[in-house]
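K.L.:
Residue 773 in the working numbering sits at position 195 of the sequence shown, and the numbers go up by one each step.
Note that beta-carbon positions come from the ideal geometry of N, C-alpha and C, so glycine has one too.
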Amino acid sequence: MSVTYTVKVEDSRPESGKKPSAGPVYRCIYAKDGLLDLPDGMHSPWEFFSESVKRNPNNRMLGRRQTTDSKQAGPYVWITYQEAYDAALRIGSAMRNQGVSPGDRCGIYGSNCPEWIITMEACNCQAVTYVPLYDTLGANAVEFIVNHAEVAIAFVQENKLPAILSCLPACCSYLKTIVSFANVSSIQKKEAEELGVSLFSWKEFSELGSLDCELPQKQKTDICTIMYTSGTTGEPKGVILTNKAIMTEVLSIDQLIEITDKACSEEDTYFSFLPLAHVYDQIMETYFIKRGSSIGFWQGDVRYLMDDVQELKPTAFCAVPRVYDRIYTGIVNKIASGGLIRNKLFQYAYNYKLRNMENGFPQDKASPLLDKLVFDKVRQALGGKVRLMLSGAAPLPRHVEEFLRVSCCSNLSQGYGLTESCGGCFTSLANVMSMIGTVGVPITTIEARLESVPEMGYDALSSVPRGEICLRGNTLFSGYYKRQDLTDEVVIDGWFHTGDIGELQSDGSMKIIDRKKNIFKLSQGEYVAVENIENTYSRCPLIASVCC
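(1) In three-state terms, what does DSSP make of Y906?
(2) In chain order, which beta strand (DSSP E) runs of at least 3 residues are fully inside the region 590-618?
(3) Is the separation between the beta-carbon of S1056 and that of I742 shorter than 8 Å?
(4) Output the distance between the C-alpha atoms of A609 and T1023, rounded to the nearest integer angstrom.
(5) Quick check: A1026 and Y708, are their CB atoms within less than 8 Å of each other?
(6) Count the other C-beta atoms from every protein chain shown that fall within 10 angstroms of the C-beta of R900, then say buried if there are 16 or more, exposed otherwise.
(7) Would you report the Cα separation of G962 and V910, rounded to the nearest angstrom?
(8) Report the option in L923, A700, E721 whose CA atom is closest to the CA atom of P680.
(9) In the structure shown, what three-state DSSP assignment does D1085 receive?
(10) Where does I1070 sit, in a helix, a strand or coil, going by DSSP?
(11) Between V887, F895, I1021, S784, which has its C-alpha nearest T697's C-alpha?
(12) Output the distance between the C-alpha atoms of N934 and D1085, rounded to the nearest integer angstrom.
(13) In terms of alpha-carbon separation, which member of S988, Y930, G812 lies closest to N718?
(14) Contact check, P602 vs E588 under 8 Å by CB: the rounded distance?
(15) Three or more C-beta pairs under 8 Å: does that hold for the region 999-1018 against the region 1065-1073?
(16) With distance defined between alpha-carbon atoms, name the residue in L1028, N989, P1020, Y994 nearest to M1011.
(17) According to DSSP, is R674 part of a helix, a strand, or is it coil?
(18) Using 10 angstroms around the beta-carbon of K912, count the other beta-carbons present and answer buried if the total reaches 16, otherwise exposed.
(19) Pop quiz: I1047 and G1072 are said to be a contact at Cβ under 8 Å. What is the actual Cβ separation, rounded to whole angstroms?
(20) Quick one: what's got a C-beta closer than 7 Å to S580's C-beta in the same chain, skipping five residues either side?
(21) Leaving out the 5 sequence neighbours to the left and right, which residues in its chain are closer than 6 Å to R1050 when beta-carbon positions are compared?
(22) Say whether chain D places a C-beta atom closer than 8 Å to the C-beta of Y882.
(23) From what residue to what residue does the alpha helix (DSSP H) around A741 run?
(24) Within 10 angstroms of the Cβ of T714, are there 16 or more other Cβ atoms? Answer buried if so, exposed if not.
(25) In the DSSP assignment, find the unbroken alpha helix (DSSP H) run with L711 in it and report its ends.
(26) From V720 to H726, what does the alpha carbon distance come to, in whole angstroms?
(27) What is the residue span of the alpha helix (DSSP H) that N934 lies within?
(28) In angstroms with no decimal places, state the Cα-to-Cα distance between K931 and L947.
(29) Assign N737 to buried or exposed, taking buried as 16 or more other Cβ atoms, counted over all protein chains shown, within 10 Å of its Cβ.
(30) Beta-carbon within less than 7 Å of Y1036's beta-carbon, same chain only, minus the 5 sequence neighbours each way: which residues are those?
(31) Starting from N1129, trace the alpha helix (DSSP H) in both directions and tell me its first and last residue.
(32) What would DSSP say about K781, mapped onto helix, strand or coil?
(33) May I have the straight-line CA-CA distance separating K943 from I801, to the nearest angstrom?
(34) For T997, count the other beta carbons within 10 Å of its own beta carbon; 16 or more makes it buried, fewer makes it exposed. Which is it?
(35) Following the continuous beta strand (DSSP E) through V757, name the residue where it begins and the one where it ends.
(36) Considering Cα atoms alone, identify which of D618, A665, L968, S1041 is closest to L834.
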């Protein structure tokens, strides 16, 4: 008997005029009685943080590795929830003293580190909108975002100071204050001052603030963050995410993990290495802050990634498929080099556990003895304590997902999301092996349906429904900042059109199979897939990048 993990809440829609047909509307089975919404009395992500401080003020919160005298990375050094809370209050108070008001925009420019999170929470406590800055969107992206979002103050990692200072002549009409995560030189201060911009070190700026500061009233409709993403016109698009969207997304993650796995707590440790400038990691770190967990940051060098994991011994982390593929390759190569007998033993244990998991046994009950005898060494490669792994941003190969689910003694969930959906909008469920190779079901804040794409041959009403994934619900973006025209292109009749093509599976899960926007029409009427062209040209060693 097949099991389905979604419920139908609306019937399909036939083709009508210029509107293509659309399939039924589905929800996650855990939202069958209604989508998860923000409870009354909750207004800002600051409440997640402040409540965790009240519960566990002395629990370690943010950690990074300190460099030893031999220039090697040492153990993790931590600050507590109370220390981070006090730092956020001081930074927030200092912002207000510098003339930054609720609703103003604050840029954050740098790699993952404690200062990034403290700045984010300082913005939350003062109802200031934070705007991640990053240069992967193009050479002039930082300058464009500062001007477009009218950023008044920016917190910048030390090694990013030259980049932000170089663009000051073009954006100092808005940007009046820069704070370095570390120290600043007298030359840098003078360079900024000549353009009418105040430049502070982290310590200097913190001393301008106070713990005894009045916090403004916050509303769930306030803009929490504007996150810029690549645009088809060449200019980044500012995705508006409200307090409500951020908080409801986090609450849905909390709900699903608690129902299908084991709720995270102050005993858990999260490994932070995916960019905080992207919504994926930002939402997950907010979730772990809500839960009072510890967050340890990587050094910022992929060569030492696994060394950081060994030192931190995390219980949870998020990664992209490329990282999981490297982990998979490393484990497989090590097994292959272990000799014929060990190889056979591993294969027997693997097949035995896989069969039990496919028959419905949860991860910890599928083969506890073999977990200790065979798979423990695999688990130790990830620090020995990992129990929750999440994958997103791109499709995770089926064989990699299956292998890691079985051999790492940890639940691995693949998800799908966009900046516009406030991160994950679909997720596979722990211990449901039929969802391997899919992105799972809608989270409990979202409804989804497929819309036919006739020009690509996708029919949402066929026996195997395929079409563009469309979303509506409580965690969608509020539009593109200052670009209502672009918003109207993707939000039609209340449905956000993702541009991704999905195939609905019999258990209610979704499989991403194509991309609608990656086609264009030739003058003779034929459609061409851009990705095929990109993949062909990118094989040439003389070509560094392809932009279609």
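P.N.:
In short, the structure shows the following:
(1) helix
(2) 603-606
(3) no
(4) 8 Å
(5) no
(6) exposed
(7) 18 Å
(8) A700
(9) coil
(10) strand
(11) S784
(12) 19 Å
(13) G812
(14) 6 Å
(15) no
(16) N989
(17) helix
(18) exposed
(19) Not quite, the Cβ-Cβ distance comes to about 15 Å (not below 8 Å), so this is no contact.
(20) S1084, D1085
(21) E1025, G1072, W1073
(22) Of the protein chains in the structure, only one exists, and it is not chain D.
(23) 739-744
(24) exposed
(25) Per DSSP, L711 belongs to no alpha helix (DSSP H); it is in the beta strand (DSSP E), 707-711.
(26) 10 Å
(27) 918-936
(28) 10 Å
(29) exposed
(30) S1030, R1044, G1045, I1079
(31) Nothing in the structure corresponds to residue 1129, since the chain is present only between 579 and 1126.
(32) helix
(33) 44 Å
(34) buried
(35) 755-758
(36) L968
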